[in-house]
Amino acid sequence: MSDVPDRVGVIGGGRMGAGIAQAFLLAGARVEVVEAGDEAAEAARGRVAEGLEESARRGKLTGDVADVLARLSLVDSPAQLAGGTGLVVEAVPEWADLKVAVLTAAEAVLGPDAVLATNTSSLSITELAAALQRPARFLGMHFFNPVPASKLVEVVVAPETAEDVVTATRGWVRALGKTDVVVRDSPGFASSRLGVLLGLEAIRMLEEGVADAEAIDAAMELGYRHPMGPLRSTDLVGLDVRLAIAEHLAGTLGERFSPPQLLRDKVAAGELGRKTGRGFHDYAQD
Ligand SMILES: NC(=O)c1ccc[n+]([C@@H]2O[C@H](COP(=O)([O-])OP(=O)(O)OC[C@H]3O[C@@H](n4cnc5c(N)ncnc54)[C@H](O)[C@@H]3O)[C@@H](O)[C@H]2O)c1
């Protein structure tokens, strides 16, 4: 089994970035997380620390959380990433302009052999690559939420991605204890395309009064053995995140991905899922 790079950068230490940082820390890397501003940096550090505590409780971390956390540092901008960084994973919000800005800033300080990856759920790897000087060193590493518990990483390959970059990335995914699937760059890759469509149809069924949220989720959990129903899964991902992905896929793949009004209304009302305590289900007591 190959090792992960000694030094890994993660841009954006939110829900996904903190989980990705945690995974690489547990695999032995030194990890630098980029967050703009002290408050955001402290919040990101807190998320990683909390995740590591949880790993320790589950027996997935031998030794001290403090020792692992000592390999984590926070920096203000991609320009401050250490020169010897072997891999940078970008996990800022799903806005193409923001992603291009942080990816080009990171590329400018990385060595020629470093790999640059994006955790985008839906944006085109090929289009993001077009803004880079070394598109051959760039690909998608699509982690799943929650990162520590999930077993899958989609390795998303654009036409210009070099073969050795794909091979190295697949090895790193396995070194994290996860399984890689290689997917050609296309809207929504394999997982979001299917998962989002199922979620949108479930929301349309709720709108039409076909069944309530519990029943729709139970139908897929018990009837099709999905570990989580499509509405619960939308709550976990975040309704705002799902809405943005659906809008993007509607523009690229067609009307069948058009977001239902109920999804728009809930996002407008601030009901974003688990993170706000309410989405299609209620989490107030969690
Ligand atoms: N939430 C999911 O289930 C999920 C799953 C797979 C992939 N993704 C993708 O991962 C990415 C991040 O999603 P998330 O759910 O973690 O979002 P999030 O909002 O929880 O985290 C984004 C983080 O980026 C930080 N950030 C914003 N601008 C920045 C900048 N200029 N420099 C550094 N940091 C900055 C924010 O402070 C925040 O902490 C998105 O592209 C999303 O599509 C999300």
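Last residue of the sequence shown: number 444 in my numbering, and the count goes up by one each step with no gaps. Idealized CB from N, CA, C, for every residue including glycine.
### Task
Using alpha carbons as the reference points, say which of T278, D338, P304, D375 lies closest to S344.
The residue among T278, D338, P304, D375 with its C-alpha nearest the C-alpha of S344 is T278.
### Query
Who are the Cβ neighbours of P293 in its own chain at under 6 Å, not counting the five residues just before and after it?
Once the five neighbours on either side are set aside, the close Cβ partners of P293 are A287, E318.
### Query
Using DSSP with H/G/I as helix, E/B as strand and the rest coil, what is G409?
G409 falls in the helix class under three-state DSSP.
### Message
Counting C-beta neighbours from all protein chains within 10 Å, is the total for Q180 16 or more, i.e. buried, or is it exposed?
### Response
Looking at its Cβ environment, which holds 16 or more other Cβ atoms inside 10 Å, Q180 is buried.
### Query
Is the beta carbon of T243 sitting closer than 7 Å to the one on A272?
Yes, the Cβ-Cβ distance between T243 and A272 is below 7 Å.
### Message
Can you look up S391 in the DSSP assignment and give me helix, strand or coil?
### Response
S391: helix per DSSP, three-state reduction.
### Task
Would you mind reading off the limits of the alpha helix (DSSP H) that contains T327?
321-333 is the extent of the alpha helix (DSSP H) around T327.
### Query
Do I283 and ligand 1 come close, with the Cβ less than 6 Å from some heavy atom?
Not one heavy atom of ligand 1 sits closer than 6 Å to the Cβ of I283.
### Message
Could you tell me which whole beta strand (DSSP E) segments of length 3 or greater appear in the region 267-353?
### Response
For the region 267-353, the full-length beta strand (DSSP E) segments reaching 3 residues or more read 273-276, 296-301, 310-315, 337-342 along the chain.
### Query
What residues in its chain sit with their C-beta under 7 Å from that of Q291, if we drop five residues either side in the sequence?
Here the set comprises E265.
### Query
Whose CA, out of A371, L310, R362, A199, lies closest to the CA of V339?
Cα-wise, what sits closest to V339 is L310.
### Residue range of the beta strand (DSSP E) that includes S416
First-last for S416: undefined, no H or E at that position.
### Query
Beta carbon of A207: closer than 6 Å to some heavy atom of ligand 1?
A distance criterion of 6 Å places the beta-carbon of A207 beyond contact range of ligand 1, judged by its closest non-hydrogen atom.
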